[in-house]
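A short write-up of the structure that comes next.
In the numbering used here, the protein residues as written are 713 to 1186.
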């Protein structure tokens, strides 16, 4: 069944396929049998209706077209293989000639991966942050632990900077209450800022039971950015007492028996986090460097679908968390000056970058002779995903099959392996000039040989992380 290809653009082709009635005859015979089993005609048993009567009722052309529809996937896949094409979406099919003659002709237009050459990467050098951790970073992590396990003593005096107060807030405009802007039972550290302007000044000097009115701009909700009168009522004034760093504290907050072991564990954890950061930085920067040296046209429809999918994901997650984009930018992302238009523009750039990187990695994987995906690879990926999603591996595998993710997940593994091969071919150094062996850093930041599924692990897209933060905060 011959086929020809007309390249409409670097990333779009028209495939013309021809099929003879002899080639199509088995599919036509099957179509007649299927129709015969599903119709009732007086005088004929089900499944025994003659083809001539089916032609009279439905038309010979309809039968041939249905047979052609059933045969199309095989015709299309054969043409794709024959012409070494890399489709990036579903084809738009047109039957050019369906006369009941000897030859039937049909076309399929589809976006494809454009042809491009990958540059030599031997001279690429990427720089990542060092994995060394100083005492200040360890002490900062220790302070967070101490704050988490702090105790609070009620004080019978006015609030001062550094005290902890439990407060209620009530807002109004022109004497009209704004209940949606109220808050009750909030814990706040005097002098820390971060809520509304004027709050620190208002609560300083108030004892438990005291209250004060002040004017400020609201920072969230329907009236965000508007002036309002806010009354703060102090319910408690407390002193925060941080625990001593000793062996008892170590046993309370960690798996260690002594404070010295706990501090070593904190340092080790920070070092592992730093190594994970090195891996992510190396992967991103190697891909960026390669993309800058590789010029090719992105298929417009595929890019549009990529962007629309990302946009829909974000809108769904924000809606599920009860956030508008404006509120998310001001309250969660802490980017009150960024407009929704700026956000979507950045998403568009990110989608284009992601698609370009994916096509580069797909070509790298295709060009490599030693990149394969085994059942073991897939099983490890399923186990890793199940742990991340908090489900069993069987549930994750069932989800994969129900949502037809098999090809997608296998593609992720191939791209992950291609990316690690790419990183292994370039020089990676930290900002102190030391060589970094990325291949020895496991996903948890420990050092050792990685499994194939671990090597395929790629960083989460920024948009997903942001949406997750929005959902979590809600």
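Note that CB positions come from ideal geometry on N, CA and C, so glycine has one too.
All values derive from a computational prediction rather than experimental measurement.
Distances from the alpha-carbon of residue 1080 to those of 1132, 887 and 822 put 1132 closest.
Counting C-beta pairs closer than 8 Å gives three or more between the region 937-944 and the region 880-889, which meets the contact rule. Your pair residue 929 and residue 909 checks out as a contact, with CB atoms roughly 7 Å apart and the cut at 8 Å. Contact between residue 919 and residue 848 does not hold, since the beta-carbon distance rounds to 37 Å and is not under 8 Å. In the three-state reduction of the DSSP assignment, residue 1040 falls in the helix class. A buried status is given to residue 1129, since no fewer than 16 other beta-carbon atoms sit within 10 Å of its beta-carbon. With respect to the 8 Å criterion, residue 951 and residue 864 are classified as neighbours on the basis of their beta carbons.
Pairing residue 933 with residue 1137, the inter-Cα distance amounts to about 51 Å. Residue nearest to residue 1148 within the set 1021, 994, 791 and 1118 is 994 (criterion: CA-CA distance). Residues of the same chain with a CB within less than 7 Å of the CB of residue 922, apart from the 5 flanking positions on each side, are 946 in chain order. By the CB criterion at 8 Å, residue 1076 and residue 1134 fall inside the cutoff. DSSP lists 895 and 944 as the beta-bridge partner residues of residue 881. For residue 1109, the uninterrupted alpha helix (DSSP H) run begins and ends at 1105-1114, by DSSP. In the DSSP assignment, residue 1055 forms no beta bridge with any residue. Residue 925 is bridged by DSSP to 943. Exclusion of the five residues before and after residue 1052 leaves 1037 and 1038 as the residues of its chain whose Cβ lies within less than 7 Å of its Cβ.
A distance of 8 Å or more separates the beta carbons of residue 1059 and residue 1010. If you check the CB distance, residue 1006 and residue 830 come in under 8 Å. Per DSSP, the beta bridge partners of residue 724 are 721 and 823. Within the same chain, 871, 877, 879, 902, 944 and 946 come within 7 Å of residue 915 by CB-CB distance, once the 5 residues on both sides are set aside. Residue pairing of residue 729 in beta bridges, as defined by DSSP: 715 and 818.
In this chain, the beta strand (DSSP E) harbouring residue 1139 covers 1139-1142.
Exclusion of the five residues before and after residue 753 leaves 761 as the residues of its chain whose Cβ lies within less than 6 Å of its Cβ.
Take residue 742, set aside five residues on each side of it, and the residues of its chain with a beta-carbon closer than 8 Å to its own are 779 and 782, in chain order. The alpha-carbon of residue 1143 is positioned some 11 Å away from that of residue 990.
The three-state secondary structure of residue 1020, taken from DSSP, is helix.
Three or more beta-carbon pairs separated by less than 8 Å are not found between the region 843-863 and the region 757-777, which leaves the two stretches without contact. In the same chain as residue 800, and ignoring 5 residues on each side of it, the C-beta atoms closer than 7 Å to its own belong to 823, 824, 825, 1011 and 1014, in chain order. DSSP, read as helix, strand or coil, puts residue 809 in strand. Per DSSP, residue 1096 is one residue of the alpha helix (DSSP H) stretching across 1087-1101. The three-state reading of DSSP puts residue 919 in coil, since its state is none of H, G, I, E or B. A direct Cα-to-Cα measurement between residue 723 and residue 828 gives close to 11 Å.
Under DSSP, residue 901 shares a beta bridge with 876. Per DSSP, residue 789 lies in no beta strand (DSSP E); the unbroken alpha helix (DSSP H) holding it starts and ends at 772-794.
Here residue 865 carries a strand assignment [DSSP, helix/strand/coil]. Assignment of residue 1012 by DSSP, reduced to helix, strand and coil, places it in the helix class.
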